[in-house]
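Participant: Following the working numbering, the numbering of the sequence shown begins with 99 at its first residue and continues without gaps.
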Amino acid sequence: MKIFVTGGAGFIGSNFIFYMLDKYDDCKIVCIDKLTYAGNLSTLSPVSENENFRFVRADICDREAMYSLFESEKPDVVINFAAETHVDRSIDSPDIFLKTNILGTAVLMDACIKYGTKRFHQVSTDEVYGDLPLDRPDLLFTEKTPLCTSSPYSGSKASADLLALAYFRTYGLPVSISRCSNNYGPYQFPEKLIPLMIANALNDKPLPVYGEGKNVRDWLYVEDHCRAVDLIIRKGRVGEVYNIGGHNEMKNIDIVRLICKELGKGEELITFVSDRKGHDLRYAIDPTKIHTELGWLPETMFKDGIRKTIKWYLENKNWWETIISGEYRSYYEKMYGDREVIK
Ligand code: NAD
Ligand code: DAU
């Protein structure tokens, strides 16, 4: 099987490539990545010599480049991880989110139709469902929950999901969609909550918690997500959406406190800052469908996954220190420099 993995130089895409090349001897992977600020070729160095792996630097919005790649490589399956992914950046500059996340997805699906690709899998997010109230733990997102987005990021991801379902119905393109909750693990870009807090704590810098830190996310170890996507492309039904999540809801402040504890840092580093605009309160996935249909269950408990993750960031300082010493510094200044400290 030959798989195109778009966005494979990013966090989840790279973990997916490692997972697949490790698990299957007969799986060929072509990684297509534009190498935006979030993509990092050094992340893929563990597989750069693998004969089943090829890297191509290209933009999924570039129709000509995509068609020529599809024509020469003839993939069996396309898995679209490529996206602009950071909510805060989408609030600041939505344009690139609309371009990559919506138009890029359409270009890939057009290419799949033109070259007869047998499966297009869209990696989506639980954020397309909007949020849930904090005081209703009985409510969870199911695949039938209406789309109701809050940020330009989630709006763009929901648009791509709707387009994918439209391509299934109108053109018969064999699509599937997965909507996963928050991932954590190795190689996550340090703009996201967990790696940002680890890096700042290690550098004894303030830990900027938005609002009161009461917002809830449903955390899943990245390898469990990768295993779910593999199952869906092999055994999942086309035209279907699968939620992925492991019933692991946590308040942001509890995660930050846990990181301080694991790193032996004092909680005085925690700084409450002005909230994210439109900040979603709570995400919580009901994974019943993927469990009953495909037998998927998460394998990594949060207490183990967070320790493995912290250990990885301690052992791979070079990876994230290179990132945070580059253009990330101006991003950080813009995002946090003028932010009001509220407590
Ligand atoms: P990431 O930001 O770490 O990586 C995104 C990758 O896409 C980068 O390598 C970047 O260079 C590449 N890319 C961006 N624009 C591109 C373009 N136009 N053409 C080609 N490549 C491009 O993202 P991530 O956290 O690994 O997320 C991967 C996917 O999973 C995204 O679609 C995201 O919406 C989805 N998702 C993420 C999470 C999460 O918690 N991180 C949860 C659920 C779903
Ligand atoms: O739910 C899946 C989504 O999870 C993915 O689709 C997105 O691509 C991914 O970025 C993530 O979105 P979130 O907005 O939930 O993740 P983030 O790490 O940015 O923030 C997690 C929570 O932590 C959120 O409530 C905001 C808060 N936060 C975040 C940062 C970066 C802080 O309090 N302080 C921070 O500095």
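Note that the Cβ used here is the ideal one computed from N, Cα and C, for glycine as well.
Can you check which of these residues, S423, L237, V320 and L230, is closest to G283 by C-alpha distance?
Facilitator: The option with the nearest alpha carbon to G283 is V320.
Participant: Please state the DSSP three-state secondary structure of D160.
Facilitator: DSSP places D160 in coil when its eight states are reduced to three.
Participant: At a cut-off of 7 Å, is H389 close to the ligand DAU when judged by its beta-carbon and the heavy atoms of the ligand?
Facilitator: Result no, Cβ not under 7 Å from the ligand DAU.
Participant: Please indicate yes or no: does the CB of V221 lie closer than 7 Å to some heavy atom of the ligand NAD?
Facilitator: Yes, the Cβ of V221 comes within 7 Å of a heavy atom of the ligand NAD.
Participant: I want to check one thing, is the minimum distance from the CB of T198 to the heavy atoms of the ligand DAU below 7 Å?
Facilitator: Not under cutoff, so the answer is no.
Participant: What's the gap between the Cα of F102 and the Cα of S170?
Facilitator: So the two alpha carbons sit approximately 12 Å from each other.
Participant: Whole angstroms are fine: how far does the CA of A299 sit from the CA of D352?
Facilitator: Cα to Cα, D352 sits roughly 15 Å from A299.
Participant: Could you tell me if the beta carbon of S279 falls within a distance shorter than 7 Å of some heavy atom in the ligand DAU?
Facilitator: It does: the Cβ of S279 is within 7 Å (strictly closer) of some heavy atom of the ligand DAU.
Participant: Taking Cβ positions, are V221 and I177 nearer each other than 8 Å?
Facilitator: Yes, the pair counts as a contact, with Cβ atoms nearer than the cut-off.
Participant: What residue from S274, G105 and E149 has the CA that sits closest to L119's CA?
Facilitator: It is E149 whose Cα lies nearest to the Cα of L119.
Participant: With a threshold of 6 Å on Cβ separation, who are the neighbours of A180 within its own chain once the five nearest residues in sequence on each side are excluded?
Facilitator: For A180, where only same-chain residues beyond five positions count, the Cβ hits under 6 Å are T104, G105 and I158.
Participant: Do H218 and V273 have their C-beta atoms within less than 8 Å of each other?
Facilitator: Correcting the residue identity first, residue 218 is Phe in this sequence and not His. For F218 and V273, yes; Cβs fall inside 8 Å.
Participant: I need the straight-line Cα distance from C246 to V226, nearest angstrom please.
Facilitator: Rounded to the nearest angstrom, the two C-alpha atoms are 6 Å apart.
Participant: Would you be able to state if there are at least three C-beta pairs under 8 Å between the region 362-376 and the region 305-324?
Facilitator: Contact holds: three or more Cβ-Cβ distances are below 8 Å.
Participant: Name the two residues that bound the continuous alpha helix (DSSP H) containing N416.
Facilitator: Per DSSP, N416 belongs to the alpha helix (DSSP H) from K415 to I422.
Participant: In the DSSP assignment, find the unbroken beta strand (DSSP E) run with M433 in it and report its ends.
Facilitator: Run containing M433: none in the beta strand (DSSP E); it sits in the alpha helix (DSSP H), Y426 to Y434.
Participant: State the DSSP-derived secondary structure class of R187, mapped to helix, strand or coil.
Facilitator: Here R187 sits in helix by DSSP.
Participant: For the region 199-208 against the region 246-262, are there 3 or more C-beta pairs whose distance is under 8 Å?
Facilitator: Cβ pair count under 8 Å is three or more, so yes.
Participant: Between the Cα of D378 and those of N313, L361 and S423, spot the shortest distance and give me the residue it belongs to.
Facilitator: Here the closest residue by C-alpha is N313.
Participant: In the DSSP assignment, find the alpha helix (DSSP H) that holds C358 and state where it starts and stops.
Facilitator: Counting along the chain, the alpha helix (DSSP H) containing C358 begins and ends at N350 to L361.
Participant: What three-state label does DSSP hand P306 in the structure shown?
Facilitator: Note: P306 maps to strand in three-state DSSP.
Participant: Let's see if you can read the secondary structure: which residues bound the alpha helix (DSSP H) around T247?
Facilitator: Note, T247: premise wrong, no alpha helix (DSSP H); not H, not E.
Participant: Taking 7 Å as the line, does the beta carbon of L142 fall inside it for any heavy atom of the ligand NAD?
Facilitator: No, since every heavy atom of the ligand NAD falls outside the 7 Å radius drawn around the Cβ of L142.
Participant: Whose C-beta lies closer than 8 Å to the C-beta of L133 among residues of the same chain, with five residues either side of it excluded?
Facilitator: Hits under 8 Å: A107, L139 and R155.
Participant: In terms of alpha-carbon separation, which member of T268, G424, G111 and W394 lies closest to N341?
Facilitator: Out of T268, G424, G111 and W394, W394 has the C-alpha closest to the C-alpha of N341.
Participant: What are the start and end residues of each continuous alpha helix (DSSP H) run of 4 or more residues lying completely inside the region 377-408, in chain order?
Facilitator: Qualifying alpha helix (DSSP H) stretches, in chain order: 386-392.
Participant: Just list the residues that DSSP pairs F168 with in beta bridges.
Facilitator: Paired residues: none, contrary to the question.
Participant: Comparing C-alpha positions only, which one of L196, K401 and P173 sits nearest to C129?
Facilitator: Answer by Cα proximity: P173.
Participant: So for E182, helix, strand or coil by DSSP?
Facilitator: Coil.
Participant: Grouping DSSP H, G and I as helix and E and B as strand, with all else coil, what is R234?
Facilitator: Coil at R234, not helix or strand.
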